[in-house]
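Each remark here refers to the structure printed beneath this line.
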């Protein structure tokens with residue numbers, strides 16, 4: 002049987018390394034974050050953009066429970082990778098998303114449009130020269146007899 006060796010490293014490892022990619026795309030939304038802060042200003046405390054960034058970070062990790070944000074309280078990488086200035090507590094996250102969900106999520110379509118509009122995907126062409134295309138369809142009001 003192979004011997005297991007446990008070492009203390011001089012740097013921290015994080016299981017949320019994929020958030021660096023998520024954070025990269027969130028940083029591209031600078032104008033949208035500014036528009037969000039202007040439309041929904043906060044007098045003091047956690048900004049609305051920090052609330053959304055925190056929740057997006059949780060969703061990217063497969064966690065939709067507001068209390069899961071407490072697990073990242075001391076995680077410097079979580080905050081820095083997502084560009085979070087002040088990490089909200091779970092009650093703040095819950096109250097803000099419950100109370101202002103409609104107003105906050107009115108800004109989401111513009112964010113999605115900016116992210117998708119800035120990408121130039123290479124779909125690739127098959128060796129025969131055809132472009133593969135996946136189309137989902139839905140038939141509404143169709144009666145089969």
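In my numbering, the protein residues as written are 2 to 146. Ideal placement from N, C-alpha and C gives every residue a C-beta, glycine not left out. The structure displayed is predicted, hence computed values, not measured ones.
Mind reading off the beta-carbon distance from residue i to residue j? Whole number of angstroms is fine, and I expect it under 8 Å.
{"i": "residue 98", "j": "residue 56", "result": "6 Å"}
{"i": "residue 88", "j": "residue 74", "result": "7 Å"}
Rounding to the nearest angstrom, what Cα-Cα distance links residue i and residue j in this structure?
{"i": "residue 60", "j": "residue 53", "result": "10 Å"}
{"i": "residue 86", "j": "residue 79", "result": "11 Å"}
{"i": "residue 122", "j": "residue 28", "result": "19 Å"}
{"i": "residue 130", "j": "residue 114", "result": "30 Å"}
{"i": "residue 148", "j": "residue 96", "result": "Residue 148 cannot be examined here, being either before or after the span of the chain that is shown, 2 to 146."}
{"i": "residue 102", "j": "residue 10", "result": "42 Å"}
{"i": "residue 72", "j": "residue 62", "result": "12 Å"}
{"i": "residue 35", "j": "residue 42", "result": "10 Å"}
{"i": "residue 68", "j": "residue 81", "result": "20 Å"}
{"i": "residue 4", "j": "residue 16", "result": "24 Å"}
{"i": "residue 138", "j": "residue 64", "result": "30 Å"}
{"i": "residue 66", "j": "residue 128", "result": "46 Å"}
{"i": "residue 126", "j": "residue 6", "result": "48 Å"}
{"i": "residue 120", "j": "residue 132", "result": "18 Å"}
Following the continuous alpha helix (DSSP H) through residue i, name the residue where it begins and the one where it ends.
{"i": "residue 99", "result": "91-100"}
{"i": "residue 51", "result": "49-61"}
{"i": "residue 34", "result": "31-40"}
{"i": "residue 83", "result": "77-83"}
{"i": "residue 10", "result": "Careful: residue 10 lies outside any alpha helix (DSSP H) and carries neither H nor E."}
{"i": "residue 28", "result": "20-28"}
{"i": "residue 115", "result": "109-118"}
Could you say which of the options lies nearest to residue i if we only look at CA atoms?
{"i": "residue 70", "options": "81, 49, 92", "result": "92"}
{"i": "residue 118", "options": "7, 19, 26", "result": "26"}
{"i": "residue 37", "options": "13, 66, 51", "result": "51"}
{"i": "residue 135", "options": "128, 124, 129", "result": "124"}
{"i": "residue 13", "options": "89, 6, 77", "result": "77"}
{"i": "residue 111", "options": "31, 47, 68, 138", "result": "31"}
{"i": "residue 33", "options": "19, 49, 18", "result": "49"}
{"i": "residue 23", "options": "35, 108, 116, 88", "result": "116"}
{"i": "residue 18", "options": "43, 67, 58, 7", "result": "58"}
{"i": "residue 40", "options": "74, 105, 47", "result": "105"}
{"i": "residue 47", "options": "90, 126, 109", "result": "90"}
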